[in-house]
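Peer 1: In full-length UniProt numbering, the protein residues as written are 162 to 567.
Glycine included, every Cβ here is placed at the ideal spot set by N, Cα and C.
From a predicted model like this one, the values you see are computed outputs, not experimental measurements.
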Ligand code: ATP
Ligand code: MG
Ligand code: MG
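1) Straight-line CA distance for residue 492 to residue 426?
2) Which residues in the same chain as residue 274 place their Cβ atom closer than 6 Å to its Cβ, once the five residues preceding and following it in sequence are excluded?
3) Express the C-alpha separation of residue 454 and residue 269 in angstroms, rounding to a whole number.
4) The alpha helix (DSSP H) with residue 203 in it runs from where to where?
5) Pair every Cβ in the stretch 339-351 with every Cβ in the stretch 277-297, then say whether three or more of these pairs are closer than 8 Å.
6) Roughly how many angstroms lie between the CA atoms of residue 334 and residue 190, to the nearest whole one?
7) Please state the DSSP three-state secondary structure of residue 455.
8) Count the other CB atoms within 10 Å of the CB of residue 495; is the residue buried (16 or more) or exposed (fewer)?
9) So is residue 258 buried or exposed if we call it buried at 16+ other beta carbons inside 10 Å?
10) Based on Cα-Cα distance, which residue from 472, 372, 260 lies nearest to residue 209?
11) Opposite residue 401 in the DSSP bridges: which residues?
12) Expressed to the nearest angstrom, what Euclidean distance is found between the alpha-carbon atoms of residue 564 and residue 325?
13) Quick check on the burial criterion: 16 or more other C-beta atoms within 10 angstroms. Buried or exposed for residue 517?
14) How about residue 419 and residue 385: are their beta carbons less than 8 Å apart?
15) What whole-angstrom Cβ distance do residue 376 and residue 436 have, given they're in contact under 8 Å?
16) For residue 557, collect the residues of the same chain with a Cβ closer than 8 Å to its Cβ; drop the 5 residues on either side in sequence, then sort them by chain order.
17) Residue 310 to residue 301, Cα distance in whole Å?
18) Using the DSSP secondary-structure output, state which residues sit across from residue 359 in a beta bridge.
19) What is the DSSP secondary structure of residue 297, reduced to helix, strand or coil?
20) Given 8 Å as the limit, is there contact between the stretch 232-249 and the stretch 213-220, that is, 3 or more CB pairs closer than that?
21) From residue 322 to residue 515, what distance separates their C-alpha atoms?
22) Ignoring anything shorter than 3 residues or poking outside the stretch 334-382, list the beta strand (DSSP E) runs there in chain order.
23) Regarding residue 294 and ligand 1, is the C-beta to nearest heavy atom distance less than 7 Å?
24) Please name the residue, chosen from 248, 243, 237, that lies closest to residue 184 on a Cα-to-Cα basis.
25) Who are the Cβ neighbours of residue 416 in its own chain at under 8 Å, not counting the five residues just before and after it?
26) Which ranges would you report for the beta strand (DSSP E) in the stretch 206-279 if only whole runs of at least 3 residues count?
27) By Cβ distance below 7 Å, which residues in the same chain neighbour residue 548 in space, the five residues on each side in sequence not counted?
28) Is residue 323 near ligand 1, judged by its Cβ being under 7 Å from some heavy atom?
29) What is the C-beta distance between residue 363 and residue 318, in whole angstroms, given that I count them as a contact (C-beta under 8 Å)?
30) Answer yes or no: the CB of residue 533 versus the heavy atoms of ligand 1, is any distance below 7 Å?
31) Given the structure, does residue 337 come close to ligand 2, in the sense that its CB is under 7 Å from one of the ligand's heavy atoms?
32) Please report the Cβ distance between residue 527 and residue 195, rounded to the nearest whole angstrom; I am assuming they are in contact, meaning their Cβ atoms lie under 8 Å.
33) Given the structure, does residue 340 come close to ligand 1, in the sense that its CB is under 7 Å from one of the ligand's heavy atoms?
34) What do you reckon, is the C-beta of residue 334 under 7 Å from a heavy atom of ligand 1?
35) Using three-state DSSP, classify residue 527 as helix, strand or coil.
36) Report the rounded CA-to-CA distance for residue 267 versus residue 241, giving the unit in angstroms.
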């Protein structure tokens, strides 16, 4: 009798790890930042085992992951070693060693989404070309390699002109605006010069920025989350309002564009589609993230299935969950570093202290070891019976912040 118990126990052992969660698949995540952390938190609810690869010993995901391998997701040997310990590989950041992912895929390693998707997304110019080929509406764009081609872009697209780095961009660090032809050289210098790989984008005169998270399962089933409005400050996501207050027709158009964009990419997971809404009711695609995204943090409290749980379900092959909202309205506020060091921590904790007494508010603190200006340190989601009520709650929380700072 004892022997048979042991037999059944060993059948739940894989590579020495006991597997007893909702899915038996051991999932590896490249990257252990806040997105990795929230993926691990969602996994823990279902007793799924998530291994994280991140170079920082005390990265946000390290304390909540099943196992944290300290190493670079940009180093081929490290990624290959990491892959040996996992049954499915996914990412929380697109700036990973994609050539190694392609090689691993050829050897039969299960990457979700597919390496081909990561390759397209991690180079914004390639991404723009890809979506343009698939008939997705975009701001016009053009490769620039010297002052002459930058001037040609300015002549064709007008000013202000957006100059972007093709690779390694996040939180607007990779964007520079030239207000006129005279500004071109300084904008290019600010981005590290033409050798870094730059392109120019026509200025999108948007009245709102919208985002849609689209989930795709391994069986190719697709579900879209409600359209949200994202409000950026100095190129960094600051506030997200869910659902977006736009007419039904715009919501439908935004969802259709997002669905079409994600349909052109391969693999399972959640994908965030950032969009511009123009005055004349056009929807233009800005960029796609092949992973959970800041515009979807509100889903933890406001939707039946959070974007993090959805990503886990999608990549391991579980059925997708219900993406609809269970609260009428939600607003997400990013806690960005306001100052370096102790003073920054003090300001953030003042805000958190006030959030704790706001009805419907949930605080997420990412436990990043260092405080830096404009760094995403945490977020607060407020849910409630209407957008005007959650906005009023947010404003009261922030008004006191202003008073406190004076
Ligand atoms: P993320 O953190 O979203 O990955 P990123 O560094 O990749 O940011 P983008 O998404 O390209 O940067 O741009 C950041 C913000 O800059 C946009 O959300 C938008 O507010 C503004 N922006 C980008 N492209 C344009 C454009 N063509 N016209 C006008 N504004 C733009
Ligand atoms: Mg980006
Ligand atoms: Mg963006």
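Peer 2: On the basis of the coordinates in this document:
1) Within the chain shown, the letter at position 331 stands for residue 492. Within the chain shown, the letter at position 265 stands for residue 426. Approximately 29 Å, taken between the alpha carbons.
2) Counting from one through the chain shown, the residue named residue 274 turns up at place 113. Counting only Cβ-Cβ distances below 6 Å, and skipping sequence neighbours, we find 428, 430, 451.
3) In the chain shown, counting from the first residue as 1, residue 269 sits at position 108. In the chain shown, counting from the first residue as 1, residue 454 sits at position 293. If you take the alpha carbons of residue 269 and residue 454, they lie about 28 Å apart.
4) Taking the chain shown and counting its residues from 1, one reaches residue 203 at position 42. Run containing residue 203: 195-206, per the alpha helix (DSSP H) assignment.
5) no
6) Within the chain shown, the letter at position 173 stands for residue 334. Within the chain shown, the letter at position 29 stands for residue 190. Straight-line Cα distance between these residues: approximately 24 Å.
7) Counting from one through the chain shown, the residue named residue 455 turns up at place 294. If DSSP states are grouped into helix, strand and coil, residue 455 belongs with the helices.
8) In the chain shown, counting from the first residue as 1, residue 495 sits at position 334. So residue 495 counts as buried.
9) Residue 258 sits at position 97 when you count from the first residue of the chain shown. Counting Cβ neighbours within 10 Å, residue 258 comes out buried, since at least 16 surround it.
10) Counted from its first residue, the chain shown places residue 209 at position 48. Residue 209 has its Cα closest to that of 472, out of 472, 372, 260.
11) Position 240 of the chain shown, counting from 1, holds the residue named residue 401. Partner(s): 391, 493.
12) Mapped onto the chain shown, residue 564 falls at position 403. Mapped onto the chain shown, residue 325 falls at position 164. In this predicted model, residue 564 has a pLDDT of only 44, less than 50, meaning its place in the structure is not dependable enough to derive any value.
13) Within the chain shown, residue 517 is the residue found at index 356, counting from 1. Result: exposed.
14) Position 258 of the chain shown, counted from the first residue, corresponds to residue 419. Position 224 of the chain shown, counted from the first residue, corresponds to residue 385. For residue 419 and residue 385, yes; Cβs fall inside 8 Å.
15) Working through the chain shown from its first residue, we reach residue 376 at position 215. Working through the chain shown from its first residue, we reach residue 436 at position 275. Not quite, the Cβ-Cβ distance comes to about 17 Å (not below 8 Å), so this is no contact.
16) By one-based count along the chain shown, residue 557 stands at place 396. Once the five neighbours on either side are set aside, the close Cβ partners of residue 557 are 519.
17) The residue given as residue 310 occupies position 149 in the chain shown. The residue given as residue 301 occupies position 140 in the chain shown. Approximately 15 Å between the Cα atoms of the pair.
18) Residue mapping note: residue 359 aligns to position 198 of the chain shown, counting from 1. 305, 326.
19) Numbered from 1 along the chain shown, position 136 holds the residue referred to as residue 297. It is coil, neither helix nor strand.
20) yes
21) Position 161 of the chain shown, counted from the first residue, corresponds to residue 322. Position 354 of the chain shown, counted from the first residue, corresponds to residue 515. The alpha-carbon atoms of residue 322 and residue 515 are separated by roughly 40 Å.
22) 336-339, 359-363, 367-377
23) Along the chain shown, one-based indexing puts residue 294 at 133. False, no ligand heavy atom lies under 7 Å from that Cβ.
24) To locate residue 184, count along the chain shown from 1; it is residue 23. With distances taken between Cα atoms, residue 184 lies closest to 248.
25) Taking the first residue of the chain shown as position 1, residue 416 is located at position 255. Closer than 8 Å at Cβ, skipping near neighbours: 373, 385, 388.
26) 211-215, 228-231, 249-252
27) Position 387 of the chain shown holds residue 548. Excluding positions up to five away in sequence, the list reads 402, 406, 490.
28) Locating residue 323 in the chain shown gives position 162, where the first residue counts as 1. Result yes, Cβ under 7 Å from ligand 1.
29) Residue 363 sits at position 202 when you count from the first residue of the chain shown. Residue 318 sits at position 157 when you count from the first residue of the chain shown. Correct: roughly 4 Å between the Cβ atoms.
30) Position 372 of the chain shown, counted from the start, is the residue given in the question as residue 533. Residue 533: no, Cβ never under 7 Å from ligand 1.
31) Position 176 of the chain shown, counted from the start, is the residue given in the question as residue 337. Residue 337: no, Cβ never under 7 Å from ligand 2.
32) Within the chain shown, numbered from 1, the residue matching residue 527 stands at position 366. Within the chain shown, numbered from 1, the residue matching residue 195 stands at position 34. 4 Å between Cβ atoms; contact.
33) The count along the chain shown starts at 1 and reaches residue 340 at position 179. Result no, Cβ not under 7 Å from ligand 1.
34) Along the chain shown, read from residue 1 onward, the residue named residue 334 stands at position 173. Result yes, Cβ under 7 Å from ligand 1.
35) Residue 527 sits at position 366 when you count from the first residue of the chain shown. The answer is coil: DSSP assigns residue 527 none of H, G, I, E or B.
36) The residue you call residue 267 lines up with position 106 of the chain shown. The residue you call residue 241 lines up with position 80 of the chain shown. Roughly 13 Å between the two C-alpha positions.
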